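Shown next, in structure tokens, is the structure this report addresses.
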Amino acid sequence: MPELPEVETVRRTLSQLITGKQIDRVTVSLPRILQKPDDPLVFAAQLEGRTFQSVERRGKFLRLVMDGLVLVSHLRMEGRYGLFDSETLPEKHTHVIFHFTDGTELRYKDVRQFGTMHLFMPGEELQAPPLNKLGLEPLEEGFTLEVFRRALGKRSTKIKPLLLNQEVVVGLGNIYVDEALHMAGIHPETSANELKRKEQELLHLAIVETLSAAVEAGGSSIKSYVNGQGEMGLFQHSLKAYGRTGEPCLNCGNLIEKSVVGGRGTHICPKCQKQPHNNISKSDSNSMNTLKQRNNKVKDRLDGLDN
Ligand SMILES: [Zn+2]
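Numbering (this note's numbering), first residue to last: 28 to 334.
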């Protein structure tokens, strides 16, 4: 699934391709992509005659801003946009086509069909699902260490699933969470409320640095991701943890291990990212208690024999 750097790359490309173009008509061949309105005829009618003014991003969502209307688009697994001449035959799995008055077409292709589109009046899109519950934008100026600390709050969720759920900070998926936690030297199973102040600071820095570097490289091309112009990103060559199972950690030389955290494949260096102490001591004290109980039972029985 494209994460912030990939969606940001698509946003930049798309912005150059479609800004100023006016929609003549829209054709939809797979209505399930449309969430609001879900009727393809209503959807198309609302878009007719509109002009694209800019392309913005909120988390992993694209916001295609027109005069009087905003299209919120999520690419999910494999959604892609491309600009074509109307003479070019549409590729297989092209589900939505925005026909422009200048004879070009913006085409949305989605092999897996998980992508979504919502239409809103400008401003309304931020107050309603799917955008209304999203957390902080990590590459905006407002994402300071203090704001991040406050957002983490007293949550006891493990840090990896917490970063994945988009409520504290947006844009991180499986790749960049693994990268940021590796850079910060934090084990993905550490509870958010047990991060030390120094660790919060390192994590804040790692999130900003990882995402900025990836945006600069045009994102990562893992599996089939390509940006709005069909170009591949280059950040996959800079990954330090994700996808490097069995390869040496670039910090310490220890081998990167793969495990499962919150149902997701997770890559860590066991030396740089130590298992949280609280977990170890908790399980240790549990086994200590079990041992004590067992000893007590044995003692009771022996006592009984004595009597
Ligand atoms: Zn290491």
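Ideal Cβ positions, reconstructed from N, Cα and C, are used throughout, including at glycine.
These figures come from a predicted structure and were not determined experimentally.
Next on the checklist: Just to confirm before moving on: does the CB-CB distance between His120 and Val55 stay below 8 Å?
Outcome noted: In the sequence shown, the residue the question calls residue 120 occupies position 93. In the sequence shown, the residue the question calls residue 55 occupies position 28. In this structure, Val55 does not lie closer than 8 Å to His120 by Cβ.
Item to check | Leu277 to Arg291 span [Cα, whole Å] | outcome: Residue 277 sits at position 250 when you count from the first residue of the sequence shown. Residue 291 sits at position 264 when you count from the first residue of the sequence shown. C-alpha separation (whole angstroms): 23 Å.
Item to check | Within 8 Å, strictly: CB atoms of Ile283 and Pro215 | outcome: Position 256 of the sequence shown holds residue 283. Position 188 of the sequence shown holds residue 215. Contact: no.
Item to check | Rounded Cβ spacing between Leu199 and Ala207 (contact assumed at less than 8 Å) | outcome: Along the sequence shown, read from residue 1 onward, the residue named residue 199 stands at position 172. Along the sequence shown, read from residue 1 onward, the residue named residue 207 stands at position 180. Right, their Cβ atoms sit about 7 Å apart.
Checklist entry - In whole angstroms, what separates the C-alpha of Glu243 from that of Leu68? => result Counting from one through the sequence shown, the residue named residue 243 turns up at place 216. Counting from one through the sequence shown, the residue named residue 68 turns up at place 41. Roughly 39 Å between the two C-alpha positions.
Item to check | Cβ separation of Val97 and Glu152, assumed to be a contact under 8 Å, to the nearest whole Å | outcome: Locating residue 97 in the sequence shown gives position 70, counting from the first residue. Locating residue 152 in the sequence shown gives position 125, counting from the first residue. That belief holds up - the Cβ atoms of Val97 and Glu152 are roughly 5 Å apart, short of 8 Å.
Checklist entry - Got a list of residues with beta-carbon closer than 5 Å to any non-hydrogen atom of ligand 1, in chain order? => result Cys276, Asn278, Cys279, Asn281, Cys296, Lys298 and Cys299
Checklist entry - Ser247 and Leu266 look like a contact to me (Cβ under 8 Å); what is the Cβ gap, rounded to whole Å? => result In the sequence shown, counting from the first residue as 1, residue 247 sits at position 220. In the sequence shown, counting from the first residue as 1, residue 266 sits at position 239. That belief holds up - the Cβ atoms of Ser247 and Leu266 are roughly 7 Å apart, short of 8 Å.
Next on the checklist: Within a Cβ cutoff of 7 Å, which residues of the same chain sit near Thr164, ignoring the five residues on either side of it in sequence?
Outcome noted: Here the question's residue 164 lines up with position 137 in the sequence shown. The sequence shown places Glu at residue 164, not Thr. Closer than 7 Å at Cβ, skipping near neighbours: Phe170 and Val197.
Checklist entry - Secondary structure at Pro165, three-state DSSP: helix, strand or coil? => result Residue mapping note: residue 165 aligns to position 138 of the sequence shown, counting from 1. Three-state DSSP puts Pro165 in coil, outside helix and strand.
Checklist entry - Got a sec? Which residues, its chain only, sit under 6 Å from Leu57 by beta carbon, not counting five neighbours each side? => result Working through the sequence shown from its first residue, we reach residue 57 at position 30. So the list reads His122, once near-sequence residues are dropped.
Checklist entry - Buried or exposed: which applies to Gln300, given that a residue is buried once 16 or more other Cβ atoms fall within 10 Å of its Cβ? => result The residue labelled residue 300 in the question sits at position 273 within the sequence shown. By the neighbour-count rule (16 or more Cβ atoms within 10 Å), Gln300 is buried.
Next on the checklist: Applying the 10 Å Cβ sphere with the 16-neighbour rule, what's the burial state of His231?
Outcome noted: In the sequence shown, counting from the first residue as 1, residue 231 sits at position 204. Label assigned to His231: buried.
Checklist entry - What are the start and end residues of the beta strand (DSSP E) that includes Ile45? => result Position 18 of the sequence shown, counted from the start, is the residue given in the question as residue 45. Segment Leu31 to Ile45 is the alpha helix (DSSP H) holding Ile45; no beta strand (DSSP E) there.
Item to check | Own chain partners of Arg103 with C-beta closer than 8 Å, once the 5 adjacent residues on each side are dropped | outcome: The count along the sequence shown starts at 1 and reaches residue 103 at position 76. Same-chain partners within the cutoff: Met28, Asp137, Arg139, Phe141, Gly142 and Thr143.
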